[in-house]
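Q: Attaching a single structure in structure tokens format; questions to follow.
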Amino acid sequence: MKKFAALLLAGAMAFSMMACGSSSDKKADDKSSDSKKTESAKSTSASDIKVGVIYIGDENEGYTEAHMKGIQEMKKELGLSDDQIIEKTLIPEDETCYDAAVDLAEQGCNIIFGTSFGHESYLLQAAAEYPDVQFCHATGYQAASSGLDNMHNYFTAVYESRYVSGVVAGLKLNEMIENGDIKEDQTKIGYVGAYPYAEVKSGYTAFFLGVRSVCPSATMKVIYTNSWASIDLEKEAAESLIADGCVLISQHADTTGASTACEKAGVPIVGYNVSMIATAPTQALTSASIDWGPYYTYAVKSVIDGTKIHAQNSKHNCITQSGLDKKIEYAEAQINAYLMAIAKDEVPADDLTDKLKTYQELKEQYLTQKQELKDEGLEQKSLTDPDSRRMKNNGSLDICYNVQSVVDAKNHFVVDISTTNDINDQNQLYTMAQKASELLEKESSTVLADTGYYNGTEIKKCVDAGMNVFIKKAKANNATKDNEFRKEKFIYNGETDEYTCPAGNRLRFFENTSKNGMKYRKYKCTDCNSCKYKKDCTTSSSGRTIQRWVHEDVLETVYNETLNNNEVYKQRRCIVEHPFGTIKRSLGYNFDADKRMLTQKLHLCLSLITLSDY
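Residues 21 to 634 (my numbering) are what the sequence shown spells out, left to right.
This is how it looks when you write it as structure tokens:
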């Protein structure tokens, strides 16, 4: 039985992690979205606007305190008064949330925020009943699939601060080792999690990766409290982890319960949302926190201005050369129209000056962006997330990521991932296969890949590295499939270095050529004019030619080996189903009811590498 890594080409799979937008983003008109003053909703003066907020907790609970600070930042930034903000605290994740949302809408709130994951379904219900009110929900994902123009989701890239806080924790572990407080094999840390949700799991994964980046020997145990905020349960979980040998604690829970236990036990603590120094003055290291202020300011200002609340990674924030050309053309047309109107005194100049200035500024912005694309050699670029790209998804273009994953087939364990902004998988075969071999310390590996990864250069790299590669080419389309004179029907003779066509004629070498850095040999048939099948084979007056890559023999060997090991190759699909099933079902990334759109906005294209025994 030989150990080998199997690269599973799983095609494109799309999910979404909604930033702040609604399903209507995809319908936005390019022209209307260009302007800073796009009228997607009726504007409201800053003095008249009312903002409603629904909190899961109150100022005594870290998560809610962070949101409250963000609301106060927004109020100060926009110059709002206290009576323009209506806050409801301690609203549970049940119908009480719906009642609170309705009450806020009836009190005249123009925009309403809900801060907890379980609030989403109730906000959706209220949003459907109050279409003129904007509803924004933190940590959720259903806005994109709701069909409601006034429903939005928002969250932050908190995993980034989680990772950094993990680095701090790892450095503390190293210090403890150097001081002789613990041994290298005692670097066990604990994590107090609220619920086994994707939000919590991604957070502690980022934290652990940060720890391991500086302290490779570290291990981690997670205990869930099944509560967002319970000082007693969080304290008990921390005490249990400490009793189990954990020498450092972190948390995704909203109270100071864990920090209290750590201070008493003399165990370092990495907090969440707010500083833990007050409750753990000798043990608190740092806290991963979120500044909600910029989003609250943006969303409320959008309502004041009457502009659309765009998703962070919507198409609106992805620029392309062709798209910028259209925007420049539209801005120029608007500028010319306003200049002509001013010249003709059709409208008082003062009424048009601001609009004219807006489009002049937009034109300069688009020209600058176009030059930046040119300088960077890019065809497209996301202004909010450079890792993402416009990619095809179910026949349409969406803002997506291309994520490659390394998976242990025996245990179905994802051991590593890589995010690329390449729009396809053709250049990922060797990189991921090599990564799998290195991480899993396998001397001999076999790569199983679907047709999306078929790339001669990548395949040769794998073969040169001592890997066995099983991969199939894409099936010919119907028109080509029925053609008896397609290239696959021509037989190559390595000894004579020539091809034989299906009609028995020879194609001999006549010149070398190159394309995209790859060297080829070209073969031509000189008997085509006398062949009765010429019209079925070629339209060239000089005869049929065939191009052969100089390393084509490698691909032919791989092809034959794939056919001879078809039963092994078939296992690729079985191995890949587990990670896909986990992502779709357990983590909630799935299709909505009509099967045409996905429940979230940013899409991930997953391809999996596995390791198994055969």
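Glycine is no exception: its CB is placed at the ideal position from the N, C-alpha and C atoms.
Return the residue from the list ILE209, THR559, SER425 and THR577 that minimises the CA-CA distance to VAL489.
A: The candidate whose alpha carbon is nearest that of VAL489 is THR577.
Q: Looking at the secondary structure, which residues open and close the beta strand (DSSP E) in which LEU268 lies?
A: 268-272 is the extent of the beta strand (DSSP E) around LEU268.
Q: For ASP395 and LYS347, what's the separation of their Cα atoms in angstroms?
A: Cα-Cα distance, rounded: 19 Å.
Q: Let me know the secondary structure DSSP gives ASP50 once reduced to three states.
A: The pLDDT assigned to ASP50 is 38, lower than 50, so where the model puts this residue is not dependable, and the model offers no usable value.
Q: Identify every run of the beta strand (DSSP E) within the stretch 76-113, keeping only runs that are complete inside it and at least 3 residues long; order them along the chain.
A: Correct list: 105-108.
Q: Output needed for TYR379: all residues of its chain with C-beta closer than 6 Å, excluding positions within five of it in sequence on either side, in chain order.
A: Taken in chain order, the residues that qualify are ALA351, GLN354 and ILE355.
Q: My output table needs one value for ILE69: the three-state DSSP class, helix, strand or coil.
A: ILE69: coil per DSSP, three-state reduction.
Q: Is ARG568 helix, strand or coil by DSSP?
A: Looking at ARG568 - three-state DSSP - the assignment turns out to be strand.
Q: Taking 8 Å as the threshold (C-beta atoms), are LYS507 and ILE566 in contact?
A: The answer is yes: Cβ separation under 8 Å.
Q: Let me make sure I understand the geometry here. Which of ASP119, LYS221 and CYS545 has the alpha-carbon closest to that of ALA523?
A: ALA523 has its Cα closest to that of CYS545, out of ASP119, LYS221 and CYS545.
Q: Please tell me whether THR84 and GLY90 are closer than 8 Å, where the distance is taken between their beta carbons.
A: Cβ atoms of THR84 and GLY90: not closer than 8 Å.
Q: Could you tell me if ILE511 is buried or exposed, where buried requires 16 or more neighbouring beta carbons within 10 angstroms of its beta carbon?
A: By the neighbour-count rule (16 or more Cβ atoms within 10 Å), ILE511 is not buried but exposed.
Q: Please list, in chain order, all residues of the same chain as GLY210 whose beta carbon is under 6 Å from its beta carbon, the five residues on each side excluded.
A: The answer, listed in chain order, is LYS241, LEU261, CYS266 and ILE269.
Q: Measuring straight from C-alpha to C-alpha, what distance separates ALA125 and THR176?
A: Going from the Cα of ALA125 to the Cα of THR176 covers about 26 Å.
Q: Determine which residues share a DSSP beta bridge with GLN400 and list them.
A: DSSP output for GLN400 lists THR340 as bridge partner(s).
Q: Considering only C-alpha positions, which residue in the set ASP201, ALA163 and TYR519 is nearest to TYR142?
A: Looking at the Cα atoms, ALA163 is the closest of the given residues.
Q: Return the first residue and the last residue of the alpha helix (DSSP H) that GLU259 is part of.
A: 251-263 is the span of the alpha helix (DSSP H), which, as asked, contains GLU259.
Q: Determine the direct distance from the alpha carbon of SER185 to that of SER309, and round the result to whole angstroms.
A: Roughly 10 Å separates the two Cα atoms.
Q: Locate the beta strand (DSSP E) running through PHE155, then write down its first and last residues.
A: Run containing PHE155: 154-158, per the beta strand (DSSP E) assignment.
Q: What separation, rounded to the nearest whole angstrom, lies between the Cα atoms of ASP45 and ALA331?
A: Its pLDDT being 37, under 50, ASP45 is placed unreliably by the model, and the measurement read from it follows with that caveat. Approximately 7 Å, taken between the alpha carbons.
Q: Which first and last residues belong to the beta strand (DSSP E) in which ARG526 is found?
A: Note, ARG526: beta strand (DSSP E), 526-535.
Q: Where do the ends of the beta strand (DSSP E) carrying PHE137 lie?
A: Unbroken run through PHE137: none, as it is neither H nor E.
Q: I think VAL187 touches VAL220, with their Cβ atoms under 8 Å apart; what is that distance to the nearest whole Å?
A: In fact, because the Cβ distance is near 20 Å, the residues do not count as touching under 8 Å.
Q: Can you check DSSP and say which residues form a bridge with PHE490?
A: DSSP, once it has assigned bridges, lists LEU468 as partnering PHE490.
Q: Three or more beta-carbon pairs under 8 Å between the stretch 313-324 and the stretch 297-305, yes or no?
A: Verdict: no, contact absent.
Q: Can you give the Cα-Cα distance for GLY82 and ALA485, rounded to whole angstroms?
A: Distance between the alpha carbons of GLY82 and ALA485: 52 Å.
Q: Per DSSP, MET240 forms a beta bridge with which residues?
A: ILE209.
Q: State yes or no: is the C-beta of TYR358 within less than 8 Å of the C-beta of LEU376?
A: Cβ atoms of TYR358 and LEU376: closer than 8 Å.
Q: Is the stretch 155-173 touching the stretch 106-114, taking contact as three or more C-beta pairs under 8 Å?
A: No, the stretch 155-173 is not in contact with the stretch 106-114.
Q: Can you give the Cα-Cα distance for ASN475 and MET487, rounded to whole angstroms?
A: Taking the straight line from one Cα to the other gives about 15 Å.
Q: Look at the alpha carbon of VAL570 and the alpha carbon of GLU504, and state the distance between them as a whole number of angstroms.
A: In a straight line, the C-alpha of VAL570 is about 24 Å away from that of GLU504.
Q: Compare the C-alpha of PRO236 against each of ALA226, GLU204 and ALA258 and name the closest.
A: Minimum Cα distance to PRO236 is reached at GLU204.
Q: What are the boundary residues of the alpha helix (DSSP H) that includes VAL231?
A: Residues 218-234.
Q: Starting from ASP418, follow its DSSP beta bridges and name the residues at the other end.
A: In DSSP, ASP418 forms a bridge with MET411.
Q: Here's the rule I'm using: 16 or more other beta-carbon atoms within 10 Å means buried, otherwise exposed. How should LEU168 be labelled?
A: It counts as buried.
Q: Under the assumption that GLN74 contacts ILE324 (Cβ atoms under 8 Å), give the Cβ distance between them as a whole number of angstroms.
A: Note that residue 74 corresponds to Ile in the displayed sequence, not to Gln. That pair is no contact at about 21 Å.
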